[in-house]
Structures are given as C-alpha cells and as structure tokens.
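Input: a single structure, listed below in structure tokens.
Numbering (the working numbering), first residue to last: 110 to 200.
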C-alpha cells in the first residue's frame, strides 16, 4: 500500500518536510516512490505537485493525518473536488 507522508529534511532545529509517496513498509527516511511537495513549518509555506498528488490519490494512496491536514488547509480537496473520506479519530 502507498501512503502520502512526510519525510524529514533540513538541519537540527530547522526541519523542513518533503511530502512523498512511499510504501507503508518503508521507514521515514527510506526510499520514496516520488516527491510530491514540501512543507516548511517555520515559514508556514507549502508547495505541492498537484498532478502527482491526484495521480496517487486516484491509484488508492492514503495520506497520513498530517498530510491530510496540510492539503486541507491548502484547500486541495475543495479546489479539485477529490472525493476522499478520511476516517478520523474524534477527540
């Protein structure tokens, strides 16, 4: 199964994250299938390769909770009308 998740990059105390499509059995810094964007929490910037994300979502990839929230804040699901039901924990 493929997931869209974050891969940590950068230096100590200045982390940036790549959004990657990766096999679920791989570790966090393992080999990814494709880089589809990045997220900088310090500057609060996000870049996403829309066509690549749509491709993986159509093929059945599941975003992790954090990636889902990042894409939701960027209004990715509204803009491209992706019908994606994320079962979330209610706290």
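In this text, a Cβ means the ideal position worked out from N, Cα and C, and glycines have one as well.
Quick caveat, the model's predicted, so the values are computed rather than measured.
Whole angstroms is fine: what's the gap from residue i's alpha carbon to residue j's?
| i | j | result |
| --- | --- | --- |
| residue 112 | residue 152 | 25 Å |
| residue 161 | residue 124 | 23 Å |
| residue 159 | residue 110 | 20 Å |
| residue 187 | residue 146 | 18 Å |
| residue 108 | residue 140 | With the chain covering 110 to 200 only, the question about residue 108 has no answer from this structure. |
| residue 128 | residue 134 | 17 Å |
| residue 172 | residue 181 | 11 Å |
| residue 176 | residue 168 | 17 Å |
Would residue i and residue j qualify as a contact pair, given that the criterion is a beta-carbon distance under 8 Å?
| i | j | result |
| --- | --- | --- |
| residue 130 | residue 170 | yes |
| residue 148 | residue 155 | yes |
| residue 137 | residue 117 | yes |
From the DSSP secondary-structure annotation, give me the bridge partner or partners of residue i.
| i | result |
| --- | --- |
| residue 132 | 111 |
| residue 155 | 148 |
| residue 117 | 126 |
Can you find the residues in the same chain that come closer than 8 Å, C-beta to C-beta, to residue i, ignoring five residues on each side of it along the sequence?
| i | result |
| --- | --- |
| residue 150 | 124, 125, 126 |
Give every residue of the same chain whose Cβ lies closer than 6 Å to the Cβ of residue i, excluding the five residues on either side of it in the sequence, and list them in chain order.
| i | result |
| --- | --- |
| residue 144 | 127, 129 |
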